[in-house]
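Our numbering puts the first residue of the sequence shown at 390, with every later residue one more than the last.
Note that the Cβ used here is the ideal one computed from N, Cα and C, for glycine as well.
Data first, discussion second: the structure below is written as structure tokens.
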Amino acid sequence: MTKRIFHAVCLVAVSVFLASLALIMGVLYDYFSNMQREQLKIQTDLAARGVEREGLSFFDGLTVDGCRITWIGADGRVLYETDLEASAMENHLNRSEVRQAMETGHGESRRYSDTLTERYYYEARRLSDGSVIRLSGSQYTVWVLLMGISQPILIVAVFAVFLSLALACHISAKIVRPLSEIDLENPDMEQAYQEIEPLLGRIGSQQRQLWEQALRLKRKQDEFDAVTGSLKEGLVLLDTKGIILSVNSAASRFLSLSAYCIGKDILIFHNSTEFQELLRRAGDGACGEMTAQLGKRGCRLSASPVISAGEVTGIALLIFDITGKEKAEQMRREFTANVTHELKTPLHSVSGYAELMKNNMVRPEDVGHFAQRIYAEAQRLISLVDDIISLSRLDEGIADMDRQQVDLYALAEQVCGQLRSKADAAGVELVLEGESAVLHGVPHLLSSIVFNLCDNAIKYNRRGGSVSLEVRGEHDGVLLRVSDTGIGIPGEHQERVFERFYRVDRSCTEVGGTGLGLSIVKHAARLHDARIELASIVDGGTTVTVRFPLLR
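Set out below in structure tokens:
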């Protein structure tokens, strides 16, 4: 708008300047032309009177500048000429001003030169003897005059143009300034032009409507972001061409999307053939699902068309993390297989011993021995079932278990008392060290941690070895450490010894363990937010450290 006003003002200024120049030049040219003609008339009258009085002697010593005097006889013959030789001039009887003067006493005419650069005025007076005095003067035409004064005109024109530009800039800026300073958010009617007040009123009304709509959209967007952001499932909204319109944080993690993915093709981030087919089907209006490996996660992708007015306007892509489910399914299968294997061994033993006794294939003196073996295997079954039940309860959490303040050192003393006879039978020295340390936890779970660690340290020790149990408080929690001088654990097995039914050497089943003790320790420690550290050297012993935080 400023440019258009600027151009308009410049055009008007230049047009006015040129029109004024033409008008002034025309008026001045006519004015001076009339003055020249009047002077020429006066000079003609004076010359006529002088010739009437003095005759040809009037021209003696006469010097005339700016005009030409010609004395023409009654027959048209030139009697005197100031510029040329009179005898050499042609007859002037046919000249219009001479003929008019002879007829009326006064004549005048104007003629242009051959080059049209000058115009000549002629004034003639008839004398009493019938002769005619004629005076002529030259005048430049308007074009020659303009060419003669072109330099000052050009200077004035340049000055006028610059002045016009400056004024145009100032005026256009001044006109546009109130418009450019209008606050469209809150238009002020008092400072605006009266002509645009209706427009400003309409703008203000529309601004209020847009603000209300933006507020509603922002509120809905915040609600949508809050809902989708809290979802564990990934949600991606696409248009029909696969361009990303919206994505929540879970989907960003699954697909490794950056913060600048909006507006980009989703195939840039995942472009498998199966995924392309899934999007194509959704774009055609059909739902579809697929399973894919996204990084280290196993995911199920579900694509559904977004239909509006009977047409597919977009695609909603849901991403479900099934890694935990697959892992749980795998653990369930492994657990089932391990439980089956662990239960089969004692059951086969019990069944075999019972069958021998049933068929009277056992000597009377061996019946006690066989009964003892059946009892031992039955106890092993009971222990195994108890451990499985304990693990199942730990998998479900301890929401229904009462927490209380527990002195771990006093609890360790009780466990040592329970295992003292077993340690003596194995020829292992059991030593408790430390001090009273109170923590907030479930007593029977803490007891199972201490019991299983000490029980393993005794079982996998050597005769004449020792087990050291240490309990002490730290500035940020409670420390429980169980060290033994047993057979140790090879480095490649240390990360797996806390798995269910995992044994470093399957031949060690004869020591009576179920293979679930350390798994119970791991789950019970996790439910107390404790951290387990294992250090072991083959034939050099094992140290297990459990660090409990001071939870309230």
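Helix, strand or coil for Cys688? Go by DSSP, reduced to three states. Assigned with DSSP and collapsed to three states, Cys688 falls in strand.
Classification of Tyr756 by the beta-carbon crowding that lies within 10 angstroms, buried from 16 upward: According to the sequence displayed, residue 756 carries Val and not Tyr. Exposed: under 16 other Cβ atoms inside 10 Å.
4-residue-minimum alpha helix (DSSP H) runs that sit fully inside the segment 648-704, ordered along the chain
Secondary structure in the segment 648-704: the alpha helix (DSSP H) runs of 4 residues or longer, each lying completely within the stretch, are 662-672 in chain order.
Give the straight-line distance between the Cα atoms of Asn850 and Glu881, rounded to the nearest whole angstrom.
-> Cα-Cα distance, rounded: 20 Å.
### Message
Could you check whether Leu524 and Pro456 sit closer than 7 Å to each other, using their CB atoms as the reference points?
### Response
Reading off the sequence shown, one finds Cys at residue 456, where the question assumed Pro. Yes; because the gap between Cβ atoms is below 7 Å, this pair is in contact.
Cβ-heavy atom distance, Leu808 to the ligand FAD, below 6 Å: The ligand content of the structure shown is nil, which means the ligand FAD is not present either.
Do you know how far the Cα of Glu884 is from the Cα of Ile838? Going from the Cα of Ile838 to the Cα of Glu884 covers about 18 Å.
Discussion item. Using 8 Å as the cut-off, can you tell me whether the segment 586-606 makes contact with the segment 614-621, which would need three or more C-beta pairs spanning the two stretches below that distance?
Written reply: Contact fails: fewer than three Cβ-Cβ distances are below 8 Å.
Where does Phe840 land, buried or exposed, given buried means 16+ other C-beta within 10 angstroms?
With 16 or more other Cβ atoms within 10 Å, it is buried.
Margin query: For a test of the three-state rule: what should DSSP assign to Gly623, helix, strand or coil?
Written below: DSSP places Gly623 in strand when its eight states are reduced to three.
ask   = Where do the ends of the alpha helix (DSSP H) carrying Val927 lie?
value = That residue, Val927, is in no alpha helix (DSSP H); it is neither H nor E in DSSP.
query: In whole angstroms, what is the alpha-carbon distance linking Gln793 and Leu690?
result: Going from the Cα of Gln793 to the Cα of Leu690 covers about 45 Å.
key: Span separating the alpha-carbon of Ile704 from that of Gly631   = A straight line joining the alpha-carbon of Ile704 with that of Gly631 spans about 8 Å.
- request: Kindly provide the ranges of any beta strand (DSSP E) runs that are 3 or more residues long and lie completely inside the segment 805-876, ordered along the chain.
  value: Counting only runs of at least 3 residues, the segment 805-876 fully encloses the following beta strand (DSSP E) elements, listed from N- to C-terminal order: 818-823, 827-830, 855-863 and 866-873.
Could you have a look at Phe937 and say whether DSSP puts it in helix, strand or coil? In the three-state reduction of the DSSP assignment, Phe937 falls in the strand class, which pools E and B.
**Q.** Beta-carbon separation (whole angstroms), Thr931 vs Asp873, contact threshold 8 Å
**A.** Between Asp873 and Thr931 the Cβ distance is about 6 Å, and since that is below 8 Å, they are a contact.
Hey, could you find the ends of the alpha helix (DSSP H) Ala919 is sitting in?
-> Taken as a continuous stretch (DSSP letters only), Ala919 belongs to no alpha helix (DSSP H), as it is neither H nor E.
Inter-stretch contact (C-beta, 8 Å, three-pair minimum) for the segment 661-668 and the segment 642-649 = Touching, no.
Q) Is the beta carbon of Glu802 less than 7 Å from the beta carbon of Glu859? A) Contact flag unset, no.
Helix, strand or coil for Leu604? Go by DSSP, reduced to three states.
Assigned with DSSP and collapsed to three states, Leu604 falls in helix.
Checklist entry - So what does DSSP say about Glu888, is it helix, strand or coil? => result In the three-state reduction of the DSSP assignment, Glu888 falls in the coil class.
task = Whole angstroms is fine: what's the gap from Lys811's alpha carbon to Glu818's?
result = CA-CA distance, Lys811 to Glu818, rounds to 10 Å.
Fill in: Coarse secondary structure for Leu400, derived from DSSP in three states
Leu400 falls in the helix class under three-state DSSP.
Original post:
Would the segment 511-524 and the segment 456-473 be scored as touching if the rule is three or more Cβ pairs under 8 Å?
Top reply: Output reads yes: the segment 456-473 touches the segment 511-524.
What is the DSSP secondary structure of His882, reduced to helix, strand or coil? Helix.
Check: Where in the segment 436-495 do unbroken runs of the alpha helix (DSSP H), each at least 4 residues long, occur, reported from the N-terminal end onward?
Finding: Here the runs fully enclosed are 485-493.
**Q.** Same chain, Cβ closer than 7 Å to Arg393, five either side skipped, listed in chain order
**A.** Counting only Cβ-Cβ distances below 7 Å, and skipping sequence neighbours, we find nothing.
Between Cys843 and Ser857, what straight-line distance do the alpha-carbon atoms span, to the nearest angstrom? Pairing Cys843 with Ser857, the inter-Cα distance amounts to about 9 Å.
**Q.** Helix, strand or coil at Ser498 according to DSSP, with G and I counted as helix
**A.** DSSP, reduced to helix, strand and coil, places Ser498 within a strand of the structure shown.
Subject >> Where Ser517 falls: helix, strand or coil (DSSP) >> reply: Three-state result, Ser517: coil.
Handout entry: Three-way DSSP call (helix, strand, coil) for Leu524 in this model
Key = DSSP places Leu524 in the strand class (E or B) of the three-state scheme.
Three-state secondary structure (DSSP) at Val751? Three-state DSSP puts Val751 in coil, outside helix and strand.
For the segment 681-697 against the segment 605-614, do three or more pairs of beta-carbon atoms, one drawn from each stretch, fall closer than 8 Å, so that the two count as touching? Under the three-pair Cβ rule at 8 Å, the segment 681-697 does not count as touching the segment 605-614.
Worksheet item: Could you check where the beta strand (DSSP E) with Ala646 kicks off and where it finishes?
Response: Before going on, a small fix: residue 646 reads as Leu here, not Ala. Per DSSP, Leu646 is not a residue of any beta strand (DSSP E), being assigned neither H nor E.
Worksheet item: In chain order, what residues of the same chain have a beta carbon less than 6 Å from the beta carbon of Glu899, not counting five sequence neighbours either side?
Response: The pLDDT assigned to Glu899 is 46, lower than 50, so where the model puts this residue is not dependable, and the model offers no usable value.
Distance between Thr712 and Ile926 (C-alpha atoms, nearest Å)
Their Cα atoms are separated by approximately 34 Å.
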